[in-house]
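Novice: I'd like to ask some things about the structure below.
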Amino acid sequence: MKAKSQTLDAAACARQALEWIEKPSLSFEESTLLNQDTLQSFKEYVNPAFLEYRKSVTTSGDYGAVEWRASSLNTLLDTRGNEYIDCLGGFGIFNVGHRNPAVISAVEHQLAKQPLHSQELLDPLRGMLAKTLCALAPGSLKYSFFSNSGTESVEAALKLAKAYQSTRGKYTFIAAHGAFHGKTLGALSATAKAAFRRPFMPLLPGFHHVPFGDIEAMRERVFRCNNRGEGVAAIVLEPIQGEGGVNIPPDDYLRAVRQLCDEVGALLILDEVQTGMGRTGRMFACEHAGIQPDILCLAKALGGGVMPIGATIATEEVFSVMFDNPFLHTTTFGGNPLACAAALAAINYLLEHDLPRQAMVQGQFLLDGLKSLAARYPDIIVEARGKGLLIGLAFVNNEMGYRFAQEMFRRQVLVAGTLNNATTIRIEPPLTITLELCQQVLSTAGEVVETLRKPVQATTVNAALPTG
Numbered sequence: 001m002k003a004k005s006q007t008l009d010a011a012a013c014a015r016q017a018l019e020w021i022e023k024p025s026l027s028f029e030e031s032t033l034l035n036q037d038t039l040q041s042f043k044e045y046v047n048p049a050f051l052e053y054r055k056s057v058t059t060s061g062d063y064g065a066v067e068w069r070a071s072s073l074n075t076l077l078d079t080r081g082n083e084y085i086d087c088l089g090g091f092g093i094f095n096v097g098h099r100n101p102a103v104i105s106a107v108e109h110q111l112a113k114q115p116l117h118s119q120e121l122l123d124p125l126r127g128m129l130a131k132t133l134c135a136l137a138p139g140s141l142k143y144s145f146f147s148n149s150g151t152e153s154v155e156a157a158l159k160l161a162k163a164y165q166s167t168r169g170k171y172t173f174i175a176a177h178g179a180f181h182g183k184t185l186g187a188l189s190a191t192a193k194a195a196f197r198r199p200f201m202p203l204l205p206g207f208h209h210v211p212f213g214d215i216e217a218m219r220e221r222v223f224r225c226n227n228r229g230e231g232v233a234a235i236v237l238e239p240i241q242g243e244g245g246v247n248i249p250p251d252d253y254l255r256a257v258r259q260l261c262d263e264v265g266a267l268l269i270l271d272e273v274q275t276g277m278g279r280t281g282r283m284f285a286c287e288h289a290g291i292q293p294d295i296l297c298l299a300k301a302l303g304g305g306v307m308p309i310g311a312t313i314a315t316e317e318v319f320s321v322m323f324d325n326p327f328l329h330t331t332t333f334g335g336n337p338l339a340c341a342a343a344l345a346a347i348n349y350l351l352e353h354d355l356p357r358q359a360m361v362q363g364q365f366l367l368d369g370l371k372s373l374a375a376r377y378p379d380i381i382v383e384a385r386g387k388g389l390l391i392g393l394a395f396v397n398n399e400m401g402y403r404f405a406q407e408m409f410r411r412q413v414l415v416a417g418t419l420n421n422a423t424t425i426r427i428e429p430p431l432t433i434t435l436e437l438c439q440q441v442l443s444t445a446g447e448v449v450e451t452l453r454k455p456v457q458a459t460t461v462n463a464a465l466p467t468g
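Right under this line is the structure:
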């Protein structure tokens, strides 16, 4: 085992980091030093595999692209001053853009009062955010539990469903192939990718997976479980599978699943960690189907691109299992004042600027252009699909998808693959993206696809997207 360096000084390391944080700009020499330090730190103290995975964000094979700051709601600067159109959106974090002034202002004002709550006095912003989400969420969803991430929001949903259904003798969960619900032990049991699951087996018992979008397969598995005495506690689904490759189910699928849950007394948990907060053209993707779940999971964009926060929202009937003992499931930092301030500002901005509608309009413009591109290059692109500003561009193979992401980066547009489907490149910009930027992205994509017809140069690195 490699020994830890004895020359490290924690105070010196922290001081150096604070110096970087406090610098408003960098000279060329400073940017070079920061890049070198970042690469070395990832290699020695974070995980060297990240340098391999980030191969697409380089122009010379030295993995030198280091993020510095946001330059607008829709663009980023690296340490060398290169500006990128963000068509990745932090995998769905930046719905209201980067460093949204309204969100920053709310967090700064709360920071001046009290960053974290005492844990004993009642914290007002948690109540305000829960009330706001009750008004925002569909149907009879009412009570909220706050956490720090999407994985935690799913974990809370699974525990809530277990607590509610245990007295009814129902313990089984059904999820979908291609699903991604997070990587803590419970959420990972619902996630479907073998590469993420295998090292941690056995996972939680009682989880089954069926093909996504196939209501007959879902019905068959539900009744098979019931007939074997394995009552179904809940069905867990993403309305659109994000990490699975932007997979969109048939129009009547979610309604049919909702009816099936009602028929057998199972709960419906919808994971809208990525699809929620206006991403698909409605505030929540389930609204396209005109349904409400029993439990709704949110995170990512809920924090306005400034603070991490997750929310698990449930009906009063389901959430009531927590009334006798509110400490049955808790988290120290969940629903902290800074995160709640960011979430409230993000919700207000989404509504005031009608960003769900903007996502629908800009998303359709992008999707139409990418579908046209796919039709012109069927030997390279299999399909363009999406809803709102959650778009997937499926390539004929992983290598082609990787080269597309790399060439887009070289032209200063950020895109990336999905965790559960390596051949699909995700295009997921902030909902604040303008039509002018959308047109620039389409023009750049057209240039890139044309270059993909050329033979791979000897210097081209191997595909670094995860294998699907």
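Counting in the UniProt record's numbering, the sequence shown runs from 1 upward without gaps.
Backbone N, C-alpha and C fix where the C-beta goes; we use that ideal spot for every residue, glycine too.
Owing to the predicted nature of the structure, the values given are computational and were not obtained by experimental measurement.
1. CB-CB under 6 Å to C225, same chain, minus the five flanking residues each way: which ones, in chain order?
2. Ordered along the chain, which non-local residues of its own chain (more than five positions away) have a Cβ less than 8 Å from that of E230?
3. Which full runs of the beta strand (DSSP E) of 3+ residues lie inside the segment 190 to 268, going along the chain?
4. Please report the Cβ distance between A176 and H209, rounded to the nearest whole angstrom; I am assuming they are in contact, meaning their Cβ atoms lie under 8 Å.
5. Judging by CA-CA distance, which residue of R357, N420, L185 is the nearest neighbour of N398?
6. In terms of residues, what are the limits of the beta strand (DSSP E) holding F319?
7. Here's the rule I'm using: 16 or more other beta-carbon atoms within 10 Å means buried, otherwise exposed. How should H109 be labelled?
8. Unbroken alpha helix (DSSP H) runs of length 4 or more, entirely within the segment 271 to 356: which are they?
9. Express the C-alpha separation of G334 and L344 in angstroms, rounding to a whole number.
10. Round the Cβ separation of A266 and V222 to the nearest angstrom and send it over; I've been treating them as touching at under 8 Å.
11. Looking at P249 and G213, is the spacing between their C-beta atoms short of 9 Å?
12. Under 9 Å between the Cβ atoms of E238 and F180?
13. Which same chain residues end up closer than 6 Å to A299 when comparing Cβ atoms and leaving out the 5 residues on each side of it in sequence?
14. Give the straight-line distance between the Cα atoms of T75 and Q16, rounded to the nearest whole angstrom.
15. So, is D262 buried or exposed, given that buried needs 16 or more other C-beta atoms within 10 angstroms?
16. Pairs of beta-carbons, one from the segment 433 to 451 and one from the segment 79 to 95, closer than 8 Å: are there three or more?
17. Tell me whether M283 is buried or exposed, calling it buried when 16 or more other Cβ atoms sit within 10 Å of its Cβ.
18. Determine the burial state of F50: buried for a count of at least 16 other Cβ atoms within 10 Å of its Cβ, exposed for fewer.
19. Report the partner residues of K142 according to the DSSP bridge assignment.
20. Are the segment 131 to 141 and the segment 382 to 394 touching, with three or more C-beta to C-beta distances below 8 Å?
21. Label S144 either buried or exposed according to how many other C-beta atoms from any shown protein chain fall within 10 Å of its C-beta, with 16 as the threshold for buried.
22. Based on DSSP bridge pairs, tell me the residues matched to S27.
23. Assuming F94 and R126 are in contact, meaning their beta carbons sit under 8 Å apart, how far apart are those beta carbons, in whole angstroms?
24. Return the bridge partner residues of E436 from the DSSP annotation.
25. Using 8 Å as the cut-off, can you tell me whether the segment 286 to 294 makes contact with the segment 357 to 364, which would need three or more C-beta pairs spanning the two stretches below that distance?
26. Counting C-beta neighbours from all protein chains within 10 Å, is the total for L328 16 or more, i.e. buried, or is it exposed?
27. If you reduce the DSSP assignment to three classes, tell me which class G61 lands in.
28. Inspect the beta-carbon positions of G245 and G178 and report whether they are closer than 9 Å.
29. I'd like to confirm the pairing. Which residues does DSSP put opposite G446 in its beta bridges?
Specialist: Quick look at the numbers:
1. Taken in chain order, the residues that qualify are T172, V232.
2. Short of 8 Å from the beta carbon of E230, and not among the five residues preceding or following it, lie these beta carbons of its own chain, in chain order: Y171, T172, G206.
3. Along the segment 190 to 268, the beta strand (DSSP E) occurs as fully enclosed runs of 3 or more residues at 207 to 210, 231 to 237, listed in sequence order.
4. About 6 Å separates the beta carbon of A176 from that of H209, a gap short enough to meet the 8 Å contact definition.
5. Of the listed residues, the one whose Cα sits closest to N398 is N420.
6. It is not in any beta strand (DSSP E) - F319 instead sits in the alpha helix (DSSP H) that spans 316 to 319.
7. H109 comes out exposed.
8. The alpha helix (DSSP H) runs of length 4 or more contained entirely in the segment 271 to 356 are, from start to end of the chain, 316 to 319, 337 to 352.
9. Per the coordinates, the alpha-carbon of L344 lies some 15 Å from the alpha-carbon of G334.
10. Contact holds; Cβ gap of about 7 Å.
11. Yes. Within cutoff.
12. Remark: C-beta atoms of E238 and F180 approach each other more closely than 9 Å.
13. S149, G150, S153, V273, G310, listed in sequence order.
14. Pairing T75 with Q16, the inter-Cα distance amounts to about 27 Å.
15. Result: exposed.
16. Between the segment 433 to 451 and the segment 79 to 95 there are three or more C-beta pairs closer than 8 Å, enough to call the two in contact.
17. Counting every other CB atom within 10 Å of its CB across the protein chains shown gives M283 a total of 16 or more, marking it as buried.
18. So F50 ends up on the exposed side.
19. Paired residues: none, contrary to the question.
20. By the Cβ test, the segment 131 to 141 is not in contact with the segment 382 to 394, since fewer than three Cβ pairs between them sit closer than 8 Å.
21. That one is buried.
22. Answer is none; S27 lacks a bridge partner.
23. Contact between F94 and R126 does not hold, since their C-beta atoms are separated by about 24 Å, which reaches or exceeds 8 Å.
24. Beta-bridge pairing links E436 to no other residue.
25. Cβ pair count under 8 Å is below three, so no.
26. Taking all protein chains in view, the Cβ of L328 is surrounded by fewer than 16 other Cβ atoms within 10 Å, so the residue is classified as exposed.
27. Residue placement at G61 is poorly supported in this model, since its pLDDT is 48, which falls under 50; the coordinates still yield a value, given next. Of the three classes helix, strand and coil, the one that applies to G61 here is coil, per DSSP.
28. For G245 and G178, yes; Cβs fall inside 9 Å.
29. Per DSSP, none; premise fails for G446.
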